[in-house]
Structures are given as structure tokens and as C-alpha cells.
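Student: Submitted below is the structure of interest, expressed as C-alpha cells.
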Ligand SMILES: C[S@@+](CC[C@H](N)C(=O)[O-])C[C@H]1O[C@@H](n2cnc3c(N)ncnc32)[C@H](O)[C@@H]1O
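Residue numbers (our numbering): 507 to 844.
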């Protein structure tokens, strides 16, 4: 008699990435890893943009990957989830180019969002980042054929035609001219069926860079698929607030060592825009703050397709809608899909 078959359940790209990143620091004394992270944080705090890569060697990129990649992965994963929700049913990118992709967080995020394999190219000027990206991707068979290509973002940047262009946590490192150049190159390269996704830290200046990129994409004929419920101007008065969201990230032992404390997770704040050449189905409204749960009611701060920013109070009297509001999260569409 044959032995019963064990069902084959491949690990998700998110789990595979987590395991690959955990292995990265094996054998590296914890103090050395923490020192590399400190050095990296100092370079990122310094005067950016720079005219040479910040990620200069293997220690820099290993520190970046172990310390920041889990967070940039989760932020991009969240943005791509919103794009998938707004795209017509069955839409999946047939190809991806990740610009300033570094160690490939956005490539892993796309693999975690859409099943199957697709041609993918990662462009970056830092060779050590590309090398480590290639090494990490070797642990996921779906990413085995990704091309890791050295390329400098600037006026001369050209991107091959593709269905999905990702630009995550890159604009901050560029001069204003290069920022415009990368967004325009992304817009030119997106196919008729294509999308451009830009993600930045969820800070006031990150939001400003997103708003500028969003406007350039709209001017180039794109539709805003997420997070906004429309492609009109953002209703936030400049300088008064900033649109951002939050993604939960498990903390590694390296995080705990660098940041102290014993929390098992931290929240990565990010701003983003997903713009499409095709007509999307954006949400009617999006929850733009953490919902406030009070006795018998939930307060939702919304950005609405009709009416801009506003607050909705959902009470027990609303029955199933109240239960949905209690489960709703910052960044979700509202009302929930049927
Ligand atoms: C903060 S990292 C983000 C990496 C990755 N996209 C992510 O989300 O984790 C910024 C990346 O942009 C790249 N970069 C910065 N300026 C660049 C330029 N002018 N040309 C090409 N790559 C650049 C850096 O080398 C680095 O890999």
C-alpha cells in the first residue's frame, strides 16, 4: 500500500523572504550587525540625495536588507493589495520593472500579491544591492529568472515597456529633476494594461513627493486606483496634514537590539499612489486614520469620492455595518465590499 500523500503547500513569498533574511545575519556577530545598521541610519539621515550609492558594500546591504527590507516589503505589499482590489477582476501584471529596486522588496511584494511567474527586471545603481537581491531571490523558485541590472536614475533613464512599474522608497534619494525623470520614465513605460506604483515613507515630505508624482501621472493620462477614491486633487490642505497608512512588521532580534524594547512588531508608516492606464474601480471611500472604537460606536475618518474628508459614526443600530466597522482597519476601503 502506498503511504498517504503529504499535501504540497509551498511557503508564501512573504515566509520565504522572512527565512532568507533571518539566514542573512547568521554567523555575523550581533554587535557587528547593529553597528552596520547604525552606520546606515546615519547615512540615510545625512544630506540626501547623494551622487554615489549609499549601499556601498556587502555589510551595508546586509544591514539594509535585514533591518529595512521587511518594512519596505510590507508597505509595498499593502499598496499592491489596494491596486489588486481596484483592478478589474483577474488582472495581474504580465511583467514588472522595479526601479531603484535595491535588494528587491517590491519584487517579493508583487510575487506575494499575484500568483504565477512573470518577467521581472530590477534596476539600481548599487551593484552590492543587486548582488544581494539576486542571492535572496535564489531561495524562491518563482523569482529565479529575475534580471538584476545596473542602471542610474536620471534624465537618460529608459525603462522597457511593462505592466507594472514599482518605485519604492527611492524618490527621497533623488534630486527634484531626477524624481520627475523617474516618474515620467515610469509613465512612458507602462503598457496599455499597465500600472505605476510609487511608495514613500509616511512622513509629511514623503506625502509631498507622492502628491507630486500622482499629479504627473494624472497629467500623463493615468487614473488613480488607490489609495484615493478619485483622480481629482487631494482634499488635504497643503501643510495641514499628510495622507499615510500603516503596515505591521514583525520585529527581528536585530530590530530589538538596535531599537531596544521587546515588542514583537512595529508599524511602518508609508504614503503611496497606484496609478493605472486602464480604468480602475476605486473604493467609494478609504479609511484614512486608525478607526476609533468607542462604547457602542466606531468613528471612521474617511476620504470619500463624493465630499472629500469627513467622519462617519457607525453605531450598534447599523447592525452588520457596525460589526464590519469594528473589524475595519486604517487603509481599508469603506463600506466593505459585499
Ligand atoms: C531606500 S532604498 C529602497 C530599495 C527598495 N526599493 C526597497 O523598497 O526596499 C533606495 C534604493 O534606490 C537606489 N538609488 C538611489 N538613487 C539612485 C539612482 N540615482 N539611480 C539608481 N538607483 C538609485 C539605491 O541604491 C537603493 O537601492
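Backbone N, C-alpha and C fix where the C-beta goes; we use that ideal spot for every residue, glycine too. Treat the numbers as computed from the prediction; the structure is a model and nothing was measured.
Just to confirm before moving on: does the CB-CB distance between residue 775 and residue 708 stay below 7 Å?
Tutor: Result yes, Cβ atoms of residue 775 and residue 708 sit closer than 7 Å.
Student: Tell me whether residue 632, by its Cβ, gets closer than 6 Å to a heavy atom of ligand 1.
Tutor: At least one heavy atom of ligand 1 is nearer than 6 Å to the Cβ of residue 632, so yes.
Student: State whether the region 602-609 contacts the region 563-579, with contact taken as three or more CB pairs (one from each stretch) at a distance under 8 Å.
Tutor: yes
Student: Between residue 810 and residue 791, which are expected to be in contact by the criterion C-beta below 8 Å, what is the C-beta distance as a whole number of angstroms?
Tutor: 4 Å
Student: Are the C-beta of residue 577 and some C-beta of chain D separated by less than 7 Å?
Tutor: Here there is only one protein chain, and chain D is not present.
Student: Cα-Cα, which of 823, 806, 705 and 783 is closest to residue 594?
Tutor: 783
Student: Would you kindly work out how many angstroms separate the C-alpha atoms of residue 616 and residue 528, rounded to a whole number?
Tutor: 21 Å
Student: Using 10 angstroms around the beta-carbon of residue 576, count the other beta-carbons present and answer buried if the total reaches 16, otherwise exposed.
Tutor: buried
Student: Could you tell me which of 795, 694, 563 and 614 sits nearest to residue 631, measuring between CA atoms?
Tutor: Out of 795, 694, 563 and 614, 563 has the C-alpha closest to the C-alpha of residue 631.
Student: Along the alpha helix (DSSP H) that carries residue 760, what are the first and last residues, could you check?
Tutor: Element bounds for residue 760: 759-765.
Student: Nearer than 6 Å: is that true of the beta carbon of residue 758 relative to any heavy atom of ligand 1?
Tutor: No, the Cβ of residue 758 stays beyond 6 Å of every heavy atom of ligand 1.
Student: Return helix, strand or coil for residue 783, following the three-state DSSP convention.
Tutor: coil
Student: Quick one: measure Cβ to Cβ for residue 703 and residue 670, integer angstroms, because I've assumed they're closer than 8 Å.
Tutor: 7 Å
Student: Is the beta carbon of residue 780 sitting closer than 7 Å to the one on residue 531?
Tutor: The criterion of a C-beta distance shorter than 7 Å is not satisfied by residue 780 and residue 531.
Student: Where do the N-terminal and C-terminal ends of the alpha helix (DSSP H) with residue 629 fall, by residue?
Tutor: Per DSSP, residue 629 belongs to no alpha helix (DSSP H); it is in the beta strand (DSSP E), 626-630.
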